[in-house]
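2 protein chains.
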Amino acid sequence: MDYVGRQQRLREALPANRLDALLITHLSNIRYLCGFSGSAGALLVSPAGSTFFTDGRYTEQAKSEVQAAKLVVARKTPLTAAAEWLGRKWIASRARKSQTLGIEGPYLTVAARRGLSDGLPRHIRLREAPPLVERARMVKDADEILAIRTAVDQGAALFDRALQVIRPGVREIEVAAEMEYAARKGGADAMSFETIIASGARSALPHGRASNAPIAAGGFVVCDFGVILHGYCSDRTRTVYVGAATTEARRVYEAVLASQQAAIDAVRPGVNVSRVDRVARKTLQQNGLGPYFTHSTGHGVGLEIHEAPRVAQGQPEILRPGMVITIEPGVYLPGKWGVRIEDMVVVTEQGCEALAPTQKEFIVI
Amino acid sequence: MDYVGRQQRLREALPANRLDALLITHLSNIRYLCGFSGSAGALLVSPAGSTFFTDGRYTEQAKSEVQAAKLVVARKTPLTAAAEWLGRKWIASRARKSQTLGIEGPYLTVAARRGLSDGLPRHIRLREAPPLVERARMVKDADEILAIRTAVDQGAALFDRALQVIRPGVREIEVAAEMEYAARKGGADAMSFETIIASGARSALPHGRASNAPIAAGGFVVCDFGVILHGYCSDRTRTVYVGAATTEARRVYEAVLASQQAAIDAVRPGVNVSRVDRVARKTLQQNGLGPYFTHSTGHGVGLEIHEAPRVAQGQPEILRPGMVITIEPGVYLPGKWGVRIEDMVVVTEQGCEALAPTQKEFIVI
Numbered sequence: 001m002d003y004v005g006r007q008q009r010l011r012e013a014l015p016a017n018r019l020d021a022l023l024i025t026h027l028s029n030i031r032y033l034c035g036f037s038g039s040a041g042a043l044l045v046s047p048a049g050s051t052f053f054t055d056g057r058y059t060e061q062a063k064s065e066v067q068a069a070k071l072v073v074a075r076k077t078p079l080t081a082a083a084e085w086l087g088r089k090w091i092a093s094r095a096r097k098s099q100t101l102g103i104e105g106p107y108l109t110v111a112a113r114r115g116l117s118d119g120l121p122r123h124i125r126l127r128e129a130p131p132l133v134e135r136a137r138m139v140k141d142a143d144e145i146l147a148i149r150t151a152v153d154q155g156a157a158l159f160d161r162a163l164q165v166i167r168p169g170v171r172e173i174e175v176a177a178e179m180e181y182a183a184r185k186g187g188a189d190a191m192s193f194e195t196i197i198a199s200g201a202r203s204a205l206p207h208g209r210a211s212n213a214p215i216a217a218g219g220f221v222v223c224d225f226g227v228i229l230h231g232y233c234s235d236r237t238r239t240v241y242v243g244a245a246t247t248e249a250r251r252v253y254e255a256v257l258a259s260q261q262a263a264i265d266a267v268r269p270g271v272n273v274s275r276v277d278r279v280a281r282k283t284l285q286q287n288g289l290g291p292y293f294t295h296s297t298g299h300g301v302g303l304e305i306h307e308a309p310r311v312a313q314g315q316p317e318i319l320r321p322g323m324v325i326t327i328e329p330g331v332y333l334p335g336k337w338g339v340r341i342e343d344m345v346v347v348t349e350q351g352c353e354a355l356a357p358t359q360k361e362f363i364v365i
Numbered sequence: 001m002d003y004v005g006r007q008q009r010l011r012e013a014l015p016a017n018r019l020d021a022l023l024i025t026h027l028s029n030i031r032y033l034c035g036f037s038g039s040a041g042a043l044l045v046s047p048a049g050s051t052f053f054t055d056g057r058y059t060e061q062a063k064s065e066v067q068a069a070k071l072v073v074a075r076k077t078p079l080t081a082a083a084e085w086l087g088r089k090w091i092a093s094r095a096r097k098s099q100t101l102g103i104e105g106p107y108l109t110v111a112a113r114r115g116l117s118d119g120l121p122r123h124i125r126l127r128e129a130p131p132l133v134e135r136a137r138m139v140k141d142a143d144e145i146l147a148i149r150t151a152v153d154q155g156a157a158l159f160d161r162a163l164q165v166i167r168p169g170v171r172e173i174e175v176a177a178e179m180e181y182a183a184r185k186g187g188a189d190a191m192s193f194e195t196i197i198a199s200g201a202r203s204a205l206p207h208g209r210a211s212n213a214p215i216a217a218g219g220f221v222v223c224d225f226g227v228i229l230h231g232y233c234s235d236r237t238r239t240v241y242v243g244a245a246t247t248e249a250r251r252v253y254e255a256v257l258a259s260q261q262a263a264i265d266a267v268r269p270g271v272n273v274s275r276v277d278r279v280a281r282k283t284l285q286q287n288g289l290g291p292y293f294t295h296s297t298g299h300g301v302g303l304e305i306h307e308a309p310r311v312a313q314g315q316p317e318i319l320r321p322g323m324v325i326t327i328e329p330g331v332y333l334p335g336k337w338g339v340r341i342e343d344m345v346v347v348t349e350q351g352c353e354a355l356a357p358t359q360k361e362f363i364v365i
């Protein structure tokens, strides 16, 4: 991974954002910038270079993982260590004129900010920085796309396992267990989120986790699942019908599939994400299903399962080559059933490529 | 669960802490106080009563779960909704004199605090509250101890599965996969943390997650694992030897076991947690192993896998009946191997009870 380039671009963005340095505490941002995958650390990026702070539990891991940054293993918390280090080194070299240190407002807690502030000399001011790293992370480089592609391939294979297991009477949680077991055996770091297996009326809940409920004969089963492989996430949804499908079930399924395809077709550089959302929504509206599509069309995926951009109404982002987003329209008939179909796509120079575009025909079990 | 009593006691603690109300945003604290188990919500506790804010995704779940609080399903984020609600109702009823709203500093982010503050009328001040809910959660009531006991029993059974799987050449991740599969089939909500299966030299890493490495013939395997069942966590460590054990390996194992037993024996009401830590440490020091016990002796467990109190040097907490803590001394010989033995205990009126105290004799595979 191009840690040097990523840090360099961030460094170059500091002056325009009126920051003398930026203290990165969000773990995904830290991993993106220097490779550290542990759970305690802080990365200080300044014009003079980068310094990574961690604690004694991560000495070996930090030594083997952290790139393009000096390493400080502290006896205290990484944040306290960073504050003390700044007080000693950074400031001394800058003749004690007033300095602005950027912090990550959406991730740093109020208590951590106070602790940091208490440890700093008075002439260092803290300021919430714009989401510079999150913006950079929206556009994936070739190494990242390869990692995501591998994660998507492995994630996609879990649905084959689900198809072997889904039967009337089998509990949702058993299906999830089989998929998660296959993922672990396949070498996944973890699931990228709690596996959703939602059958019967529960399929109408967009966030219905796998429950102890047995799968009923006659109804949809929504399977939403993903893995983390070498830090990168996959995310996919398939919906199957158990039992003899009604005409209405088939009609709704085909409408969701058409909506997804229309949205995928709309993905290309220069297009606003809100337009992709509008296209997905319009197809469902034309089928009289508009009111039942109750969430946004998609989101970015990478080191985090949900990251920028949001593919939703009112969002400002313009698609660029290298962005990786989900396209996941759904229809939810409350108390009855629901259908969702989701794939990840990578924006290319001309349009987009669906990652591991396995069959999406109506499946009856 | 006694949601009414928990909220009542919190309410009674507000005046002494100079708070007119407290806004709870930490999900475990929300679950403890009103039963909501979803991932987006805010609970406002004031003398006049409690109000829970969530968004449209959780309408049904909140209706079925939330107790002892009025429910507000907002179109915006729960925090924004809470701010607007406070601006309209709470303040109007209080004749606009200055009010102090407590926030949870260790959980609320800087950006969320700013958003909340921006949405509030000027005469409501925000102040970091002391950890009132965390302190209450330290002492478990009968319902909670029952839930924890059930989780520990289920968690303990996973080690039987591990013993069937651990063999030279089997990958650590396969052992973890088998245990996690058994947990899911047994109905666990999830694992309470990433399963640790650390073999060979990796057993000397206190936080060695299951890797792709095959288990070597000749060496310890540290297995640290737990489940979440109905929201409550279990946590346990067992260490086994694969191959013909050396005298040194047996000696170190027995020393860790003696250290754990001594610490368990020291647990009773009125004792400072730091004393329990000291007892565990002293036993290892007497065996010349003091420098190799590099972490603290234990921590509270409940709705979170790590919660108050910390069983460590310099900690102020005094043990009280109903507290549930881990006792987990370990010895780590860098580059060589490590041993850790961990059980959860509940403090009783006279002493303590180890939860599911399965055999801890030296096991050779």
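Protein sequences appear in the order of chains L and E. When you line the first sequence up against my numbering, it's residues 1 to 365, in that order. When you line the second sequence up against my numbering, it's residues 1 to 365, in that order. Cβ coordinates follow ideal geometry from the N, Cα and C atoms, glycine included.
Could you tell me whether the Cβ atoms of residue i and residue j are closer together than 8 Å?
i: Arg161 of chain E; j: Leu355 of chain E; result: no
i: Thr237 of chain L; j: Glu328 of chain L; result: yes
i: Gly105 of chain L; j: Val110 of chain E; result: yes
i: Ile103 of chain E; j: Leu43 of chain E; result: no
i: Asp224 of chain E; j: Arg340 of chain E; result: yes
In three-state DSSP terms, what is residue i?
i: Gln99 of chain E; result: strand
i: Ala188 of chain E; result: coil
i: Arg320 of chain E; result: coil
i: Met138 of chain E; result: helix
i: Val267 of chain E; result: coil
i: Gly298 of chain L; result: strand
i: Lys70 of chain E; result: strand
i: Thr247 of chain L; result: helix
i: Asp20 of chain E; result: coil
Residue range of the beta strand (DSSP E) that residue i falls in?
i: Phe220 of chain E; result: 219-225
i: Arg238 of chain E; result: 236-242
i: Tyr332 of chain L; result: 330-333
i: Thr51 of chain L; result: 49-55
i: Ile124 of chain L; result: 124-128
i: Ala213 of chain L; result: Ala213 of chain L -> no beta strand (DSSP E), and no H or E assigned at all.
Report the neighbours of residue i on chain E: residues whose CB is nearer than 9 Å to its CB, in chain order.
i: Tyr107 of chain L; result: Thr109, Val110, Ala111
i: Tyr241 of chain L; result: Result: empty, since nearest Cβ-Cβ is about 23 Å, beyond 9 Å.
i: Tyr292 of chain L; result: Ordered by position in chain E, no residue passes the 9 Å Cβ test against Tyr292 of chain L, which lies about 13 Å from the chain.
Let's see if you can read the secondary structure: which residues bound the alpha helix (DSSP H) around residue i?
i: Ala309 of chain E; result: According to the sequence displayed, residue 309 of chain E carries Pro and not Ala. Segment 307-311 is the beta strand (DSSP E) holding Pro309 of chain E; no alpha helix (DSSP H) there.
i: Ala280 of chain E; result: 273-286
i: Leu10 of chain E; result: 3-13
i: Ile197 of chain L; result: That residue, Ile197 of chain L, is in no alpha helix (DSSP H); its beta strand (DSSP E) goes 196-199.
i: Val364 of chain L; result: It is not in any alpha helix (DSSP H) - Val364 of chain L carries neither H nor E in the DSSP assignment.
i: Leu116 of chain E; result: 110-119
i: Ala83 of chain L; result: 78-85
i: Glu349 of chain L; result: No alpha helix (DSSP H) holds Glu349 of chain L; DSSP gives it neither H nor E.
Whose Cβ in chain L lies nearer than 9 Å to the Cβ of residue i?
i: Pro206 of chain E; result: Arg57
i: Glu128 of chain E; result: Val110, Ala111, Arg114
i: Glu134 of chain E; result: Going along chain L, no residue has its Cβ under 9 Å from Glu134 of chain E, so there is no contact; the nearest lies around 12 Å.
i: Glu180 of chain E; result: Ala177, Glu180, Tyr181, Arg184
What residues of chain L sit near residue i, judged by a beta carbon separation below 7 Å?
i: Ile103 of chain E; result: Val110
i: Asn212 of chain E; result: Gly187
i: Ala190 of chain E; result: Glu194
Name the chain E residues whose beta carbon is nearer than 7 Å to that of residue i?
i: Lys185 of chain L; result: Glu174, Ala177
i: Glu342 of chain L; result: Going along chain E, no residue has its Cβ under 7 Å from Glu342 of chain L, so there is no contact; the nearest lies around 16 Å.
Spatial neighbours of residue i within its chain, please: CB distance less than 6 Å, with the 5 preceding and 5 following residues excluded, ordered by chain position.
i: Gly243 of chain L; result: Ala217, Gly218
i: Ile363 of chain L; result: Val240
i: Gly200 of chain E; result: Ala216, Gly219
i: Ala210 of chain E; result: Glu172, Ile173, Ala176, Thr195, Ile197
i: Glu317 of chain E; result: Val273, Pro309
Could you pull out every residue in the same chain whose Cβ sits closer than 7 Å to the Cβ of residue i, ignoring the five residues on either side in sequence?
i: Gly115 of chain L; result: Leu79, Thr80
i: Asp265 of chain E; result: none
i: Ile124 of chain L; result: Leu86, Ile91, Gln99, Leu101
i: Asn287 of chain L; result: Ala255
i: Ala204 of chain E; result: Tyr332, Leu333, Pro334, Gly335, Lys336, Trp337, Gly338
Apart from the five residues just before and just after residue i, which ones in its own chain have a Cβ nearer than 8 Å to its Cβ?
i: Leu19 of chain E; result: Thr100, Leu101, Gly102, Arg127, Ala129
i: His207 of chain E; result: Ile196
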